[in-house]
Structure formats: structure tokens, C-alpha cells
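Asker: Convert by adding 763 to the 1-based position in the sequence shown; the result is the number in this note's numbering.
C-beta atoms are modelled at their ideal positions from N, C-alpha and C, and glycine is treated no differently.
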Amino acid sequence: MNFVAPIRKFVAIMRISTFVSLSLTAFLWLIVVSCKGEIKEQKFFGKALGTTYHITVQGEGESLSKQDIEALIASLNRSLSTYIPTSLISRINRGETLRADEHFVRVFSRAKEIYKQTGGIFDPTVGILVNAWGFGPGKKIKGIERDPSVVDSLIKFVGFDMVRIDDEGFVRKKYPEIFIDFNSIAKGYVIDRIGEFITSKGYENYLIELGGEVLAKGQNKKSGRPWIVAVDYPVPASENYIAELKLSNQALATSGNYRKYRIDRQTGQKYVHTLNPKTGYAVPSNLLSASVVAPDCTQADAWATACMAAGLKKAKQFIEKNEHLEALLIYSDSSGRLQVWQSNHLPLVQN
């Protein structure tokens, strides 16, 4: 998910690719007092989860620090990151029988709900195939693009219904080869936990962005309006946005296949990172990106991934059947031109 905007519009329109290019040293923790009503504003910037985060907090509350925020992120990483060999999920994936901690249980439960609601299209156990195709922390299997038997040998280990947490809290897998990958939901969960932490300090109005996913609480007190976020065109290095959304007590996540992909050197074939857990292959689809608005970022993150894995037609059905979701789907038509589908109550800013 990418958002971009001029820095002068930081609290109004976020465009993340612009922020990423700015030197983080220029944005150490700072407090700004607005001339409108003496609104205190705190901003935090840094790196986390292999990407960057930007947080704006407005109003009065208990003390907040960058160190506390990053300590929280580190604790979540120790549970859920497949890129940390000593994390809980990494040890479970290596075959250790361990009790799930609070974070693992919460993510597992939400993932199981969405797995069932999507008929298995959203499936965290697709991780073994994500690794095999070269998009995860594991080693890519050479020649997988040209040897269907490789996928056939791995897909039997895909199926979230083959993983459970027993009555004593231990994570049980039907096969030791099953690889659980919460990357399609964990970033949203981390954002929600940061939000819980900020709320616990007495703040009601804040905006959290981490790796392009957003949680907006309350409103932008400086403008007296909801937080405004812009959604990019789904093309690499785009300098334009396709829509502006107004968010209040909502989250937004975007998944797309236009940035993360790989080209086979021998055939020139493009392979995208969104895999269909039922086939083991990338989804042939004209859907370029899915931006999902949900009550929390955990849901938004997972449903954006589910939409991309399902394709345009099924993604529309997912959104229309779930009263808690809104979406902006960008796709290419038969002539290769960009088209937009939006749900009925998407919180668009009207120009």
C-alpha cells in the first residue's frame, strides 16, 4: 500500500512514498503547538518491520516516547515475525511444540475467522509456497516455475484448518512441514496494538501509518475534519493519487501486485507475490490493487490480501457481503486502461 502527499499537507493528506524519501533525521520526535486553539501535536518517525512508520498524536495525555512505541513493536516481532529465527512463530514453523502467547492467539483467531469467511482464499499456511516461489523468508526452490511437481508436492501442506490451538494453549499442526505466515495480517495487528497503547495514554485523536497501512482515530483537530489519506495509482513510482479518503475511527490497507514481483531470467515471465492457496500459483487477474477500509487495521490488512488472491469478481462479492468493509478496487480493462470500482459507502473526499 502506498500513499503520497507534499510534506506541507502531512496531517491532511499522506503520501508515503514522499515520506520514505525524506531523511528520518529531519523528523526526530517533536511537539508542535497549533495556533488554532493551542492544540498540542506529537510526531514520531522511525523504522520498524523492515519499513517505516509515521505517527501523529494530537491533544493532551500521558507521556509518550518513541522508545516505548518501538519496544512494543519489538515485543510483537518476537511473537509474529517469520524473519526473526528466534520468534515464537519461527520456532513453531521449525517443528517445536510451544504455547501460543497473547499476540499469536489474537492473530490466529482473527485469521481463522477470515479464512472461513473467504472459503480458504485467505490462508496463512500458504507460507510454504510463498517461500518456494521466493517471496518469503525461506529459500526459493530453483526451477519451480517450470516444474509443476514441485507445487504439487507442497500444496498438501496448505490449509489453515490443519492448524489449531489446543485446550492447553499449544499450537498443533497436522504436518510438521506446515509453515504459518501471518505477514498478510500481522502488520495491521501491530498498528492496532500501537493504537491501543496510545489510547491507553489518554489520547483520542491520532493517525498511525506503518508501511503504508493506516489507522485513524478521532479526527484531525487542526482542521476539524476526519483524517484525509490519498491512495496511489497502482504503478511503480507513481507521483499521482487516484482518490482521497476521509477516515475517522477506521483503518485502511492496500494490497497490490504492481510493486512486489519477480521476473524469470530464462522465460521473462512475471511472477507476482499474491498466491492462490488452492492452486499454489500466482493469481491470473486484472486486479491491480485493493484498498480496504475496515473498523480496525487487522481486518483491513487481511481483507486486502484476500481480495487480491480472489480476483476482481470475487473481491467485489467479499466487500458487498460484509457490512463492515468498504473498498476501492483498481483494475485494467480489456484495453489495458485503468478502471476503478468502489463500494457504495466508501468515505471519499468529494472534490
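Please classify T888: does DSSP put it in a helix, a strand, or coil?
Answerer: helix
Asker: Drop a sphere of 10 angstroms on the beta-carbon of D915, count the other beta-carbons inside from all chains shown, and report buried for 16 or more, exposed for fewer.
Answerer: Exposed, since its Cβ has fewer than 16 Cβ neighbours within 10 Å.
Asker: Please report the distance separating the alpha-carbon of S1106 from that of F945.
Answerer: The alpha-carbon of S1106 is positioned some 27 Å away from that of F945.
Asker: Return the chain-ordered list of same chain residues with a C-beta closer than 8 Å to the C-beta of G858, the five sequence neighbours on each side being excluded.
Answerer: P939
Asker: With distances taken from CA atoms, which of K1079, F808, L973 and I1005 is nearest C1060?
Answerer: Comparing Cα-Cα distances from C1060 to each of K1079, F808, L973 and I1005, the minimum goes to L973.
Asker: Here's a check: name, in chain order, each residue in its chain whose Cβ is nearer than 7 Å to the Cβ of L978, leaving out the five neighbours to either side.
Answerer: I954, D955, G958, I971, A1014 and C1060
Asker: Could you check the C-alpha separation between V992 and K937 for me, to the nearest Å?
Answerer: 43 Å
Asker: Closer than 8 Å is the cut-off here; do at least three beta carbon pairs connect the segment 813-829 with the segment 886-898?
Answerer: no
Asker: Ignoring anything shorter than 4 residues or poking outside the segment 855-917, list the alpha helix (DSSP H) runs there in chain order.
Answerer: Those alpha helix (DSSP H) runs which fall completely within the segment 855-917 and span 4+ residues are 865-880, 890-895 and 911-917.
Asker: Assign K919 to buried or exposed, taking buried as 16 or more other Cβ atoms, counted over all protein chains shown, within 10 Å of its Cβ.
Answerer: exposed
Asker: Could you tell me the alpha carbon to alpha carbon distance between F808 and L835, rounded to whole angstroms?
Answerer: 15 Å
Asker: With C-beta atoms as the reference, is T888 less than 8 Å away from G932?
Answerer: no
Asker: Between G883, I943, S1095 and R909, which lies nearest to A1053 when the distance is taken from Cα to Cα?
Answerer: Measuring C-alpha to C-alpha distances from A1053 to each of G883, I943, S1095 and R909 identifies S1095 as the nearest.
Asker: Would you say the segment 903-910 touches the segment 856-876, given that touching needs at least three Cβ pairs under 8 Å?
Answerer: no
Asker: Identify whether E801 lies in helix, strand or coil by the three-state DSSP scheme.
Answerer: coil
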